[in-house]
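Read top to bottom, the protein sequences are chains U and W. The first sequence: position 190 = 190 (our numbering), numbered continuously. Count along the second sequence from 1, then add 1000; that gives the number in our numbering. Quick reminder that beta carbons are idealized off the backbone N, C-alpha and C, glycines included.
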Amino acid sequence: MSTRFSVVSKPRPASGFPLTEIPGSTSGAISEKLVQDRYRSLSQSVSDAPKKESAATLEQKLFDALVNAKVSTSHVAMHLENEWRQRLFRQLDSLMAIEDWDASDAPLEGNSFSTFLRTILFLRPKRAPGLGMTSTGEIVAAWTRDQDRLTMEFGNADQVRWTLSRVDSGGRERAAGETYADRMEQVLAPYFPDRWFER
Amino acid sequence: MSVVNIPHEHHVIRYASWTKLRKDENDNVLGILPDALRLREVETSLSTTWIEWFDGPPQNQYLNAVEMIRRTMSVSPRGGMSKANVGNLRELCQTENVSIRIVHEPTDENDAHASIRRLPRDNLDLLELLAAEAFTETILNRDLP
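The structure is reproduced here in structure tokens:
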């Protein structure tokens, strides 16, 4: 049997990130405020990123995108395990290596990366995803366990497009949808995401 | 020139750059991502190379197709050559009520060029299905002779 669901969240204003509670983060009002401050800082760092000169070389653009991504990560580093953060940096270095870059692709979009970080902080997966990118500069996270696949594409303004397929005794089940970073945990819950997120 | 539909039992190769490859957390390559099959704004069909257009035994046909891609595209050592069966591609699309056409459309550079037409521009679910169940054999360019 094969079942498939497609879920699309209702649109909501793109301006400003909803800084709601982060599951698994340190509890308490002070900690919550700290997290919110960090997120504001993260958003600010992206919007303040220097505009790229049109004449900038591809190498410069990739370098700038890589640095911006690492700076953004450093702003929330206290919420990431050291091993997780170091692995992410290695993956980003690998992903944006100029020798493998398709010159027709856009460099990593800072806002897409912010959405990725926020989603990771909400989901807190113990197992890191494999990383990829779309031609338009959106980062992609992929978790694969045997035949079970979970893929997320991170847009600007907190949007996440996702698709999954999983196999159990009832056959293959597929689902896809579009939602927001702070909703991913609830959206994935019926599909037992620990199969992807646990080590 | 008449349009040649590529037979069901034949195969095509799609080149996917490093960023379009599905990897695990240690960068081991597992296949391709849906975006490897997503049409860009300027594209109306998905470009592939028809393996059986070349003569010889299957392995020679495959390697000749790879060589054609290398000659006609900018490829990197960590780019992936991903192979799909044409019939499987059509059948998977039909399960989603999408009727694609896979036709031989030679270009000035690539005589074995094949186009996948009528592929929805932005159906992530379908593209993921094709990435997972049609393009099932992906080999890094650097690992091929």
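{"Check": "By the three-class DSSP mapping on this structure, what secondary structure does W:Met1068 have?", "Outcome": "helix"}
{"Check": "State yes or no: is the beta carbon of U:Gln159 nearer than 9 Å to at least one beta carbon in chain W?", "Outcome": "no"}
{"Check": "I need the straight-line Cα distance from W:Ile1100 to U:Gln86, nearest angstrom please.", "Outcome": "43 Å"}
{"Check": "Measure from the C-beta of U:Gln91 to each C-beta in chain W and report whether the shortest distance is under 9 Å.", "Outcome": "yes"}
{"Check": "W:Ile1006 to U:Ala69, Cα distance in whole Å?", "Outcome": "44 Å"}
{"Check": "For U:Ile98, which of helix, strand or coil comes out of DSSP?", "Outcome": "helix"}
{"Check": "Given a cut-off of 9 Å on the beta-carbon distance, is the pair U:Asp105 and W:Thr1019 in contact?", "Outcome": "yes"}
{"Check": "Taking the alpha carbon of W:Glu1052 as the reference point, which residue from W:His1104, W:Leu1089 and W:Pro1077 has its own alpha carbon closest?", "Outcome": "W:His1104"}
{"Check": "Measure from the C-beta of W:Leu1130 to each C-beta in chain U and report whether the shortest distance is under 9 Å.", "Outcome": "no"}
{"Check": "Identify whether U:Phe116 lies in helix, strand or coil by the three-state DSSP scheme.", "Outcome": "helix"}
{"Check": "Kindly list, in the order they appear in chain U, the residues whose Cβ is closer than 9 Å to that of W:Gly1079.", "Outcome": "Asp100 and Asp102"}
{"Check": "When the distance is taken between beta carbons, is U:Leu108 closer than 9 Å to U:Ala77?", "Outcome": "no"}
{"Check": "Could you name the residues of the same chain whose beta carbon sits closer than 6 Å to that of W:Thr1072, not counting the 5 residues immediately before and after it, in chain order?", "Outcome": "Glu1109 and Asn1110"}
{"Check": "Given 8 Å as the limit, is there contact between the segment 150-162 of chain U and the segment 110-125 of chain U, that is, 3 or more CB pairs closer than that?", "Outcome": "yes"}
{"Check": "Look at the alpha carbon of U:Ala97 and the alpha carbon of W:Arg1142, and state the distance between them as a whole number of angstroms.", "Outcome": "16 Å"}
{"Check": "Which residue wins for smallest C-alpha separation from W:Ile1013, given the options W:Val1086, W:Arg1090 and W:Asp1027?", "Outcome": "W:Val1086"}
{"Check": "Can you confirm whether the segment 172-182 of chain U touches the segment 1119-1136 of chain W when touching is taken to mean that 3 or more C-beta pairs between the two stretches lie within less than 8 Å?", "Outcome": "yes"}
{"Check": "Is it true that the CB of U:Asp148 sits closer than 9 Å to the CB of U:Leu164?", "Outcome": "yes"}
{"Check": "Between which two residues does the beta strand (DSSP E) carrying U:Thr134 extend?", "Outcome": "Segment: none, U:Thr134 is in no beta strand (DSSP E) and carries neither H nor E."}
{"Check": "Any C-beta of chain W sitting closer than 9 Å to the C-beta of U:Thr179?", "Outcome": "no"}
{"Check": "Could you tell me which chain W residues have their CB closer than 7 Å to the CB of U:Leu188, listed as they occur along the chain?", "Outcome": "Those do not exist, as U:Leu188 stays about 15 Å from chain W at its closest Cβ, beyond 7 Å."}
{"Check": "Rounded to whole angstroms, what is the Cα-Cα separation between U:Gln60 and W:Ile1116?", "Outcome": "35 Å"}
{"Check": "Do you know offhand how far W:Arg1038's Cα is from W:Leu1127's?", "Outcome": "7 Å"}
{"Check": "According to DSSP, which residues form a beta bridge with W:Thr1049?", "Outcome": "W:Ile1013 and W:His1113"}
{"Check": "W:Lys1023 touches chain U at which residues, Cβ-Cβ below 8 Å?", "Outcome": "Gly130, Leu131, Gly132 and Ala142"}
{"Check": "For W:Asn1085, does the three-state DSSP call read helix, strand or coil?", "Outcome": "strand"}
{"Check": "Closer than 8 Å is the cut-off here; do at least three beta carbon pairs connect the segment 1058-1071 of chain W with the segment 1087-1098 of chain W?", "Outcome": "no"}
{"Check": "Would you list the one or two residues that DSSP bridges to U:Phe154?", "Outcome": "U:Val160"}
{"Check": "Between U:Glu198 and chain W, is any beta-carbon pair separated by less than 9 Å?", "Outcome": "no"}
{"Check": "In chain order, what residues of the same chain lie with their CB nearer than 7 Å to the CB of W:Thr1048, ignoring the 5 residues before and after it?", "Outcome": "Val1012, Ile1013, Arg1014, Ala1114 and Ile1116"}
{"Check": "From U:Pro125 to W:Pro1057, what distance separates their C-alpha atoms?", "Outcome": "46 Å"}
{"Check": "Using three-state DSSP, classify W:Asp1035 as helix, strand or coil.", "Outcome": "helix"}
{"Check": "Can you look up U:Ile22 in the DSSP assignment and give me helix, strand or coil?", "Outcome": "Per-residue confidence for U:Ile22 stands at a pLDDT of 41, beneath the threshold of 50, marking its modelled position as unreliable; the derived number appears in the next sentence. Coil, per DSSP."}
{"Check": "For U:Arg127, which residues in chain W fall below 7 Å Cβ to Cβ?", "Outcome": "Glu1025"}
{"Check": "Round the Cβ separation of W:Ala1131 and W:Ile1032 to the nearest angstrom and send it over; I've been treating them as touching at under 8 Å.", "Outcome": "5 Å"}
{"Check": "Short of 8 Å in beta carbon distance, which residues of its chain neighbour W:Ile1077, apart from the five on each side in sequence? Order them along the chain.", "Outcome": "Before going further, note that residue 1077 of chain W is Pro rather than Ile in the sequence given. These residues qualify, in order along the chain: Leu1140, Asn1141 and Arg1142."}
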